[in-house]
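Enquirer: In the order they appear, the protein sequences are chains P, L and B.
For the first sequence, counting from 1, position 34 maps to 34 in my numbering; every step adds exactly one.
For the second sequence, counting from 1, position 165 maps to 264 in my numbering; every step adds exactly one.
For the third sequence, counting from 1, position 121 maps to 771 in my numbering; every step adds exactly one.
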Amino acid sequence: MTVAHAVTANRLRDGIPVYRTEDGGWSPQFSAVGQLATAAEAEAIAAAAGAVNGKDAVVGAYAITVEVDGAAVRPTSLRERIRAEGPTVQPLAAMRKAS
Amino acid sequence: MYRYDEFDHDFLAERVAQFGDQVARRLSGELTEEEFRPLRLMNGLYLQLHAYMLRIAIPYGTLSATQLRALAHVARRYDNGYGHFTTRQNMQFNWIKLEEVPQAMADLAAAEMHGIQTSGNCIRNVTADQWAGVAPDEIEDPRVWCEIIRQWSTLHPEFSFLPRKFKIAVTGSPHDRAAVRVHDIGLRLHRNEAGEIGFEVMVGGGLGRTPYIAKTIREFLPKQDLLSYLEAILRVYNQLGRRDNIYKARIKILVHALGAEKIAELVEAEWQQMRDGALKLPQATIDAISTHFAPPDYPTRDPMPPQLMAARLRDPDFARWLRSNVAPHRVPGYAIVSISLKPEGAPPGDCTAGQMDALADLSERYSFGETRVTHEQNLVFPHVAQEHLPELWRALDALELATPNIGLASDIIACPGLDYCSLANARSIPVAQHLGQRLGALDRQHDLGNLQVKISGCINACGHHHVGHIGLLGVDKNGEEFYQITLGGSAADDASLGAILGPAVAYDKVVDTVASLVEGYVGLRENGERFLDTYRRVGAAPFKERLNAAR
Amino acid sequence: MPLVKDGALVADAWTRIADDAALPGDGAVTVSFKRWEAERSSLLGRNAPVGVFLGNTDPVEALASDLNRIGVVMLDFPKYTDGRAYSQARLLRERLGYRGELRATGNVLRDQLLFMRRSGFDTYEVDERGAAGFAASMAAVTHAYQPATNDAGMLLRRYTSARASGAK
Chain P
1 MTVAHAVTAN
11 RLRDGIPVYR
21 TEDGGWSPQF
31 SAVGQLATAA
41 EAEAIAAAAG
51 AVNGKDAVVG
61 AYAITVEVDG
71 AAVRPTSLRE
81 RIRAEGPTVQ
91 PLAAMRKAS
Chain L
100 MYRYDEFDHD
110 FLAERVAQFG
120 DQVARRLSGE
130 LTEEEFRPLR
140 LMNGLYLQLH
150 AYMLRIAIPY
160 GTLSATQLRA
170 LAHVARRYDN
180 GYGHFTTRQN
190 MQFNWIKLEE
200 VPQAMADLAA
210 AEMHGIQTSG
220 NCIRNVTADQ
230 WAGVAPDEIE
240 DPRVWCEIIR
250 QWSTLHPEFS
260 FLPRKFKIAV
270 TGSPHDRAAV
280 RVHDIGLRLH
290 RNEAGEIGFE
300 VMVGGGLGRT
310 PYIAKTIREF
320 LPKQDLLSYL
330 EAILRVYNQL
340 GRRDNIYKAR
350 IKILVHALGA
360 EKIAELVEAE
370 WQQMRDGALK
380 LPQATIDAIS
390 THFAPPDYPT
400 RDPMPPQLMA
410 ARLRDPDFAR
420 WLRSNVAPHR
430 VPGYAIVSIS
440 LKPEGAPPGD
450 CTAGQMDALA
460 DLSERYSFGE
470 TRVTHEQNLV
480 FPHVAQEHLP
490 ELWRALDALE
500 LATPNIGLAS
510 DIIACPGLDY
520 CSLANARSIP
530 VAQHLGQRLG
540 ALDRQHDLGN
550 LQVKISGCIN
560 ACGHHHVGHI
570 GLLGVDKNGE
580 EFYQITLGGS
590 AADDASLGAI
600 LGPAVAYDKV
610 VDTVASLVEG
620 YVGLRENGER
630 FLDTYRRVGA
640 APFKERLNAA
650 R
Chain B
651 MPLVKDGALV
661 ADAWTRIADD
671 AALPGDGAVT
681 VSFKRWEAER
691 SSLLGRNAPV
701 GVFLGNTDPV
711 EALASDLNRI
721 GVVMLDFPKY
731 TDGRAYSQAR
741 LLRERLGYRG
751 ELRATGNVLR
761 DQLLFMRRSG
771 FDTYEVDERG
781 AAGFAASMAA
791 VTHAYQPATN
801 DAGMLLRRYT
811 SARASGAK
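#1: Reducing DSSP to helix, strand and coil, say where L:Val335 ends up.
#2: Determine the direct distance from the alpha carbon of L:His355 to that of L:Arg349, and round the result to whole angstroms.
#3: Give every residue of the same chain whose Cβ lies closer than 8 Å to the Cβ of B:Gly816, excluding the five residues on either side of it in the sequence, and list them in chain order.
#4: With DSSP as the reference, label B:Thr799 as helix, strand or coil.
#5: Give me the chain B residues within the contact set of L:Thr253, using Cβ-Cβ distance strictly less than 7 Å, ordered along the chain.
#6: Below 6 Å CB to CB, which residues in the same chain sit around L:Asp178 once its five sequence neighbours on both sides are set aside?
#7: Taking any Cβ of chain L, which residues in the segment 772-794 of chain B have a Cβ under 8 Å from it, in chain order?
#8: Taking C-alpha atoms, which residue in L:Leu491, L:Leu547, L:Glu618 and L:Asp518 lies nearest to L:Pro446?
#9: Return the CA-CA distance between L:Arg493 and L:Asp275, expressed in angstroms with no decimal places.
#10: With a threshold of 8 Å between beta-carbons, can L:Glu134 be considered close to chain B, or not?
#11: Among residues of its own chain, excluding the 5 on either side of B:Ala814, which ones have a beta-carbon nearer than 6 Å to its beta-carbon?
#12: Output yes if chain P places a C-beta closer than 8 Å to the C-beta of L:Tyr582; else output no.
#13: So for L:Lys322, helix, strand or coil by DSSP?
#14: My assumption, with CB atoms under 8 Å, is that L:Leu320 sits in contact with L:Leu339. Please give the rounded CB distance.
#15: Let me confirm a value: B:Ile720 is counted as buried when at least 16 other C-beta atoms fall within 10 Å, else exposed. Which label applies?
#16: Curious, which full-length beta strand (DSSP E) runs of at least 3 residues does the segment 707-789 of chain B contain?
#17: Under the rule that 16 or more other beta-carbon atoms within 10 Å means buried, what is P:Val3, buried or exposed?
#18: Taking L:Ser589 as part of the alpha helix (DSSP H), name the residues at either end of that continuous run.
#19: Please name the residue or residues paired with L:Ala513 in a DSSP beta bridge.
#20: Pick helix, strand or coil for L:Ala89, following the three-state DSSP scheme.
#21: Use the C-beta contact count for L:Gln147: other C-beta atoms within 10 angstroms, 16 or more gives buried, fewer gives exposed.
#22: Would you list the residues sitting across from P:Ala93 in a DSSP beta bridge?
#23: List, in order along the chain, the chain P residues whose C-beta lies closer than 8 Å to that of L:Asp449?
#24: If we count Cβ pairs, one from each stretch, closer than 8 Å, do we get three or more for the segment 227-239 of chain L versus the segment 69-85 of chain P?
#25: With H, G and I counted as helix, E and B as strand and the rest as coil, what does DSSP make of L:Glu287?
#26: Does B:Trp686 have its Cβ less than 8 Å from a Cβ in chain L?
#27: Nearest by alpha-carbon distance to L:Leu140: which of L:Ser163, L:Val617, L:Ile215 and L:Pro398 is it?
#28: Measuring only between beta-carbons, confirm whether L:Lys553 sits less than 8 Å from chain P.
#29: Spell out the partners DSSP gives L:Ala156 in its beta bridges.
#30: Looking only at its own chain, which residues have a Cβ that is under 7 Å from the Cβ of L:Ala605, when we skip the five neighbours before and after it?
#31: Helix or strand or just coil, what does DSSP make of L:Ile215?
#32: Grab me the residues of L:Ser395's own chain with a C-beta within less than 7 Å of its C-beta, minus the 5 sequence neighbours each way, in chain order.
#33: My output table needs one value for L:Met204: the three-state DSSP class, helix, strand or coil.
#34: Helix, strand or coil for P:Asn10, going by three-state DSSP, please let me know.
#35: For the structure I just gave you, are there three or more beta carbon pairs, one from the segment 361-371 of chain L and one from the segment 205-212 of chain L, closer than 8 Å?
#36: Less than 8 Å between the CB atoms is what I'm expecting for L:Leu126 and L:Thr470, so what's the real figure, rounded?
Here it is as structure tokens:
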């Protein structure tokens, strides 16, 4: 397993977590995250991200680390895993729907 | 209940339009995020882990059926079908889109609701005793004063950019159900020696990183002077509160640094210069606002209805609910009913849109259309005829809203924690879920009595862990979730801050550890003592042993 | 930086003189509170208008006896989230009875203008966005609950005299 760097933010218009892709766009899919070799690269991209306006504007971009195990990539920290995968608990509404 | 007049409606319409314009300017890029952030916060809009979060004020915790339905509508239309009642008598929606917020706010405004001043460094939504107007021991209804404070503080031109947030709570009963001593300002209505009613004014309470119990700076403040005195406190704070460090910016730090006597002196000096000015409350104003809170016209009801007696004997589940969730009312033949939002294994404080709509209907049938929100994240029907209790219980039970655990071990307070909140270090909800199940079982086995467990996912203490009989604080240790345990806190009349028991406990051990502490109490308790009483009597040592053995 | 006074863009009649710069022989000048304290009599004897720039910790009360001879008081918003100048403004207007120009300087954004006006400011050093959106921002919320510098607010009036006299 190796560690790589990446950039995440929340999309301005709806607040959902988005990930910087290899082609320089933003995707709500964590699987589309672009891997970067160094933290410095990720931080530089994050620092510049807030200046872009328009439909794809993002808020509060920051660098994260990801674990890479072959084709499997996931965020290192629990916080980022929760952002990428959703709450670890079922909200009441979902519990009620399921029962 | 307070009903908006034309002025309130017109004001709110302007405010909604103003925020709509601010949102449009942010989306167009005219406003930077740094410029926009305080503007959205002052309208209750946060950016959290998964989306925006919209916090709706429920002034002094009182909701009409129309308002409950409006919350249900927002939950369905703009969120994922549920909302979350907080420890500050607010409702939070966790899945909001910025571009839809202006419309959601307009929908709420039609029901006289908004998110104004539910965040930001301003005077926040004022909270009150959830039993206001119906508690048998009440001296005077605190909601009248909360409403007066709400109006005075709404978009206050001088106090909208304070050093830090500012929370005021009011209680009108000798028994404090509003935790007034852990607020920036706590107000307690009481009688002086001459028999007049006025306020004891406390300042500098609060939880968070540096918890303090508030200090009394004035034993008795005549009612007509309330606003001028509050304005004097806020003016002193606005000018002298620290702005160089957000962790030292609350008024509690100023009170601690200068001393309560000095603060009292500064406030008094400021107040003397303006006490007879425009803020002095004419009796006509107080009377006009008081009429909004006149009690409903209670039809005479049997104080000992035979159907209640029969149901209690017939059904042990009903009898148990009656014991834990129903309290005496000031009017004979009526009762105060607490509705638990803590079914075992569910996220504390969550309520689905369907439940909200159903509760609105039930409140109209059984509670004069009124529902209250408690700072323990439960709801209350404040005016239920005793004879209706069995049928109300059946209806609530069908909605999974009749868990008989008010004030008991499984009635756990928890903040949203790391599952939702961008500030959190650790999760709160799953701990509450598992602990609720475990303690619920222990309670059925041992009848634990009043036991308050409160969980915060970070030091900001939204779960009020410092004042839990058992408090849990989530901390991050090298990327792992740990929980620091405090014992002996209380937010009631005997307010105290819990003491840290020992080293923090890992996520997968915390439920077992707390269960062990509770089992320890069962072995030590004497004559029906509460956990808190036992802890205060025997001290921390036996609990420390259990912590060390379990962690 | 655009300057708005009484709702209109105006030229700035005041020159701000740094603490270490020489005072010009004539013309309207503003000086820091520190310089005001040190050179009060010569500033007043200059026979030209003088104004004072107050920092957020400078005591407004110190100007009390000279306010009728001061042409402008400038109050600072070092960051727009720093609200100390609102209290200074209200004290100047309501307690000390200052009637001259009261100017907001620093990080003055259009979404704070209403708070400033209600606290007693009448002149604003805004950015281009503030100048363009000035009128719209000032008209955004016309209802006020509490008494402040420029109006009595509705909390008291609407339950007493206003209601009795039939006003909204």
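Glycine residues also receive a C-beta, built at the ideal position from the N, C-alpha and C atoms.
Expert: Put simply:
#1: Helix.
#2: L:Arg349 and L:His355 have their C-alpha atoms spaced approximately 10 Å apart.
#3: Only weak support is given to the placement of B:Gly816: the predicted model assigns it a pLDDT of 37, under 50, and the value that follows is read from those uncertain coordinates. No residues qualify anywhere along the chain.
#4: Note: B:Thr799 maps to coil in three-state DSSP.
#5: L:Thr253 reaches chain B at Tyr795, counting residues in chain order whose Cβ is nearer than 7 Å.
#6: Correct list, in chain order: Phe192 and Trp194.
#7: Cβ contacts with chain L come from Arg779, Ala786, Ala790, Val791, Thr792, His793 and Ala794.
#8: Looking only at L:Leu491, L:Leu547, L:Glu618 and L:Asp518, the smallest Cα-Cα distance to L:Pro446 is reached by L:Asp518.
#9: Distance between the alpha carbons of L:Arg493 and L:Asp275: 31 Å.
#10: Yes, contact with chain B.
#11: Confidence in B:Ala814 is poor, its pLDDT being 39 and thus under 50, which makes the residue's placement unreliable; the coordinate value appears in the next sentence. Nothing listed; no residue qualifies.
#12: Chain P, which has no Cβ nearer than 8 Å to the Cβ of L:Tyr582, makes this no.
#13: For L:Lys322, the three-state secondary structure derived from DSSP is helix.
#14: Not a contact, Cβ separation roughly 21 Å.
#15: Taking all protein chains in view, the Cβ of B:Ile720 is crowded by 16 or more other Cβ atoms within 10 Å, so the residue is classified as buried.
#16: Runs found: 722-727, 751-756 and 773-775.
#17: Exposed is the call here.
#18: It is not in any alpha helix (DSSP H) - L:Ser589 carries neither H nor E in the DSSP assignment.
#19: Beta bridge pairing from DSSP links L:Ala513 with L:Ile554.
#20: Absent from the model: residue 89 of chain L. The displayed extent of chain L is 100 to 650, so no value can be given.
#21: The residue is buried, with at least 16 neighbouring Cβ atoms inside 10 Å.
#22: According to DSSP, P:Ala93 bridges with nothing at all.
#23: What L:Asp449 touches in chain P: Pro91, Leu92 and Ala93.
#24: At 8 Å Cβ cutoff, the stretches do not touch.
#25: The amino acid at residue 287 of chain L is misidentified as Glu; the sequence shows Arg. L:Arg287 falls in the strand class under three-state DSSP.
#26: Nearest CB-CB separation between B:Trp686 and chain L: not below the 8 Å threshold.
#27: The shortest C-alpha to C-alpha distance from L:Leu140 to any of L:Ser163, L:Val617, L:Ile215 and L:Pro398 is the one to L:Ile215.
#28: Taking a beta-carbon distance threshold of 8 Å, L:Lys553 does not count as an interface residue toward chain P.
#29: Residue pairing by DSSP places L:Ala156 opposite L:Asn189 in a beta bridge.
#30: The answer, listed in chain order, is Glu579 and Phe581.
#31: In the structure shown, the three-state DSSP call for L:Ile215 is coil.
#32: Just to set this straight, residue 395 of chain L is Pro in the shown sequence, not Ser. For L:Pro395, the CB contacts under 7 Å within the same chain, skipping 5 residues up- and downstream, are Phe467 and His482 in chain order.
#33: Correct three-state label for L:Met204: helix.
#34: In the structure shown, P:Asn10 sits in a strand (DSSP, three-state: E or B).
#35: With a cut-off of 8 Å on Cβ pairs, the segment 361-371 of chain L is not in contact with the segment 205-212 of chain L, counting fewer than three such pairs.
#36: Actually they do not touch by this definition, with Cβ atoms about 35 Å apart.
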